[in-house]
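Trainee:
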Amino acid sequence: MISIIDKHWPMSVGDGKATRKKKPKILAITTDCCTGCAGSPACIEYCPIEACMFWVPDEDHPPFGRIEVDPNLCIGCQKCISKGPEGAFLDGCPWDAIEMVPTDDWEAAHEVTLSDSPPALTAG
Ligand code: SF4
Ligand code: SF4
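FYI, in our numbering the residues of the sequence shown are 6 to 129.
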């Protein structure tokens, strides 16, 4: 498991129903193409998991920033990249800045093993 210490708003609020019961086979990651949508990230409203997609400020260029995905929480549902039929309203990321990657590859690249369940919240 890796620790994510700096989650800022805006972030996904989730649908209150979806939970991660098992480590997914694929994970969402954001790429350098992420613009942060000028502070109004289009992607986060599609993510069904609370605090899975979160804001990371660009310390050198405030108020800019980007969205990142918590690999401990992502369920690989692909809702953040879903797009409507051609010509329909474009859901997901308008900049194609979100990619789905095999979880095995992600773990190998980061030399960590993700857990099935989200990390337990500790009180205090
Ligand atoms: S794949 Fe699903 S859970 Fe993961 S970041 Fe995208 S919308 Fe959220
Ligand atoms: S991933 Fe895409 S939709 Fe989400 S903040 Fe970045 S550019 Fe915007």
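For every residue, glycine included, the Cβ atom is placed at its ideal position computed from N, Cα and C. Keep in mind that this is a model prediction, so the values were computed, not measured.
1. Could you give the first and the last residue of the continuous alpha helix (DSSP H) run that contains E112?
2. May I ask you to report which of helix, strand or coil DSSP gives A33?
3. Can you name, in chain order, every residue of its own chain whose Cβ lies under 7 Å from the Cβ of P99, other than the five neighbours on each side?
4. Going by other Cβ atoms of all chains shown within 10 Å of its Cβ, with 16 needed for buried, is C82 buried or exposed?
5. Going by DSSP, what residue range makes up the beta strand (DSSP E) through I72?
Mentor: The short version:
1. Numbered from 1 along the sequence shown, position 107 holds the residue referred to as residue 112. DSSP places E112 inside the alpha helix (DSSP H), whose first and last residues are T108 to H115.
2. For the purposes of this step, residue 33 is identified with residue 28 of the sequence shown, where counting begins at 1. Here A33 sits in strand by DSSP.
3. For the purposes of this step, residue 99 is identified with residue 94 of the sequence shown, where counting begins at 1. Contacts found: A47.
4. By 1-based counting over the sequence shown, the position of residue 82 is 77. Classification for C82: buried.
5. As a first step, residue 72 is located in the sequence shown; it is residue number 67 there, counting from the start. In the DSSP annotation of this structure, the continuous segment of the beta strand (DSSP E) that includes I72 starts and ends at G70 to V74.
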